[in-house]
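In our numbering, the protein residues as written are 23 to 438.
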Ligand SMILES: Nc1ncnc2c1ncn2[C@@H]1O[C@H](COP(=O)(O)OP(=O)(O)O)[C@@H](O)[C@H]1O
Ligand SMILES: [Mg+2]
């Protein structure tokens, strides 16, 4: 290696030091728990007080923590739990245990395995039925314990079988010496439950609601992180105001704010910029939005769905219209298939792709009747941003070969 190579690296590391403070990545992490969370004192107090009631009465029951993503639900519960553990020790409450478990996509059995491992109870990782796992929890409790169990990201469990889901709710909400906290994004969780016996044991009124953060709250919360992660002066007040406004407008998800701060930091590092002014931040917010939506399309759509949405984009771009005809979309994606040397699809499967794109909110399908008995025609309108679809044509290797065909007549080949 020549010396220039190393001196270049050294220079880059110097730039990094002028932007980031030493532990920056920890403070911009989603899992970081601030020692004194702002704007959630009331909710944390509420959670603590209700759980103390459960513990003192060794009562059966549940709390539901409800709020949109990124409103501080997980953080608040963990802060409450930390306090409660100290409180239990201080007050010398014997045989009380609080456990926290996150439901992942892996289903109810995986959650039960996690709960058992939190209790130091040995169970097989698979092969048990829900009731067999639950029996192990009961056995633990029968040794004179009182348990409060928090199940975070509860909505993931809805992906498992309905029967198992309802069993879980039923047993956790009416077994002796067990109480539960359920954390959910669904305001109408109760609607998912059809079994009356389950519904009657779930306390749907015991809700601690988490309101979405407004602009000022987003600003103050993010400001704390900015001060911990970035060197003073890197992100001026007006620049952070822009970010806070965007985050609040997008639903107040603090995670969006943290991701955006990381994005800004990385950008500045690569570009060697030491101060991000508000114009630059404005620009970066747009880039970030496109990147996020584009990545979402790239990672969640099937190739057939991608072809359909690109066809909608292509037609509205080249015909300069807002709504396009579904049969034209069909013909266009068929043309793409021939370019990509893929087999064609029939109209029925094609309408399934369209329906899926419409239920996920990426397109609108507008049906129009020609008059009595004369059939209907479907028009399609793109709902996701054009730049996000364009992103597929530049960043997704599956669809990038179509780029030159889409932009053939259009002088718009610049990457987004
Ligand atoms: N009031 C707050 N003060 C400081 N940080 C917060 C606050 N609310 C949320 N955060 C941060 O935002 C991120 C997302 O919060 P989290 O509790 O995981 O949201 P939720 O569980 O509601 O989706 C975490 O990094 C958390 O530390
Ligand atoms: Mg959470």
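Backbone N, C-alpha and C define an ideal beta-carbon position, used for all residues, glycine too.
Only a predicted model underlies this, so the values are computations on that prediction, with no experimental measurement involved.
Handout entry: First and last residue of the uninterrupted alpha helix (DSSP H) at residue 356
Key = Taking the first residue of the chain shown as 1, we reach residue 356 at position 334. Element bounds for residue 356: 348–361.
Exercise for the section: Output the residue ranges of the alpha helix (DSSP H) runs that lie fully inside the segment 92–137 and measure 4 residues or longer, sorted by chain position. Expected result: 95–112
Exercise for the section: With a threshold of 16 other CB atoms inside 10 Å of the CB of residue 39, please say whether the residue is buried or exposed. Expected result: Position 17 of the chain shown, counting from 1, holds the residue named residue 39. Exposed, by the Cβ-count rule.
Handout entry: With 16 other Cβ atoms within 10 Å as the buried cut-off, status of residue 199
Key = Position 177 of the chain shown, counted from the first residue, corresponds to residue 199. Its Cβ being crowded by 16 or more others within 10 Å, residue 199 is buried.
Exercise for the section: Under 8 Å by Cβ, that's how I've got residue 399 and residue 390 pegged, so tell me the actual separation to the nearest angstrom. Expected result: As a position in the chain shown, residue 399 is number 377, starting the count at 1. As a position in the chain shown, residue 390 is number 368, starting the count at 1. Correct: roughly 5 Å between the Cβ atoms.
Practice task
For residue 268, collect the residues of the same chain with a Cβ closer than 6 Å to its Cβ; drop the 5 residues on either side in sequence, then sort them by chain order.
Solution key: Counted from its first residue, the chain shown places residue 268 at position 246. Hits under 6 Å: 307.
Exercise for the section: Kindly indicate which residue of 250, 225, 231, 262 has the alpha-carbon position closest to the one of residue 241. Expected result: Within the chain shown, numbered from 1, the residue matching residue 241 stands at position 219. The option with the nearest alpha carbon to residue 241 is 262.
Problem - Euclidean distance between Cα positions of residue 46 and residue 252 - result: Sequence index remark: in the chain shown, residue 46 carries index 24 (1-based). Sequence index remark: in the chain shown, residue 252 carries index 230 (1-based). When rounded, the distance between both Cα atoms is 7 Å.
Problem - Beta-carbon proximity check, residue 37 vs residue 301, cutoff 9 Å - result: Taking the chain shown and counting its residues from 1, the one referred to as residue 37 is at position 15. Taking the chain shown and counting its residues from 1, the one referred to as residue 301 is at position 279. It is not a contact, given that the beta carbons lie outside the stated cut-off.
Exercise for the section: Kindly confirm or deny that the segment 347–365 and the segment 311–320 touch, where touching means at least three C-beta pairs closer than 8 Å. Expected result: no
Exercise for the section: Determine the DSSP secondary structure at residue 310, reduced to helix, strand or coil. Expected result: Within the chain shown, residue 310 is the residue found at index 288, counting from 1. Residue state, collapsed to three classes: helix.
Exercise for the section: Sort 175, 120, 248 by Cα distance to residue 128 and report the nearest one. Expected result: Locating residue 128 in the chain shown gives position 106, where the first residue counts as 1. Cα-wise, what sits closest to residue 128 is 175.
Exercise for the section: Closer than 7 Å is what we want: which residues have a beta carbon that near any heavy atom of ligand 2? List them in chain order. Expected result: 95, 96, 174, 175, 205
Exercise for the section: Indicate whether at least one CB of chain D lies closer than 9 Å to the CB of residue 134. Expected result: In the structure shown, chain D cannot be found, because there is only a single protein chain.
Exercise for the section: For residue 48, verify whether its CB is less than 8 Å away from any heavy atom of ligand 1. Expected result: Locating residue 48 in the chain shown gives position 26, counting from the first residue. No, Cβ of residue 48 sits at least 8 Å from all heavy atoms of ligand 1.
Exercise for the section: Return yes when at least one heavy atom of ligand 1 lies under 8 Å from the C-beta of residue 93, else no. Expected result: In the chain shown, residue 93 corresponds to position 71, counting from 1. Yes.
Exercise for the section: List in chain order: all unbroken alpha helix (DSSP H) runs of 4+ residues lying wholly within the segment 392–433. Expected result: 408–417, 425–428
Exercise for the section: Could you tell me which residues DSSP puts in a beta bridge with residue 468? Expected result: Shown here, the chain extends from 23 to 438; a query on residue 468 therefore has no answer.
Handout entry: Spatial neighbours of residue 100 in its chain, beta-carbon cut-off 8 Å, leaving aside the 5 residues before and after
Key = Position 78 of the chain shown, counted from the start, is the residue given in the question as residue 100. Excluding sequence neighbours, residue 100 sits near 55, 122.
Practice task
Just mark residue 209 as buried or exposed, buried being the case when its beta carbon has 16 or more other beta carbons within 10 Å.
Solution key: Looking up residue 209 in the chain shown gives position 187. By the neighbour-count rule (16 or more Cβ atoms within 10 Å), residue 209 is not buried but exposed.
Practice task
Note down, in chain order, each residue of its chain lying with its Cβ closer than 8 Å to the Cβ of residue 230, except the 5 sequence neighbours on either side.
Solution key: In the chain shown, the residue the question calls residue 230 occupies position 208. Taken in chain order, the residues that qualify are 65, 68, 69, 72, 85, 86, 87, 88.
Exercise for the section: Please say whether residue 386 and residue 369 have beta carbons closer to each other than 9 Å? Expected result: Here the question's residue 369 lines up with position 347 in the chain shown. Here the question's residue 386 lines up with position 364 in the chain shown. Not in contact: residue 369 and residue 386 (Cβ atoms no closer than 9 Å).
Problem - residue 28, buried or exposed, once every other Cβ within 10 Å from all chains shown has been counted against 16 - result: Within the chain shown, numbered from 1, the residue matching residue 28 stands at position 6. It counts as exposed.
Problem - Inter-stretch contact (C-beta, 8 Å, three-pair minimum) for the segment 129–138 and the segment 177–189 - result: yes
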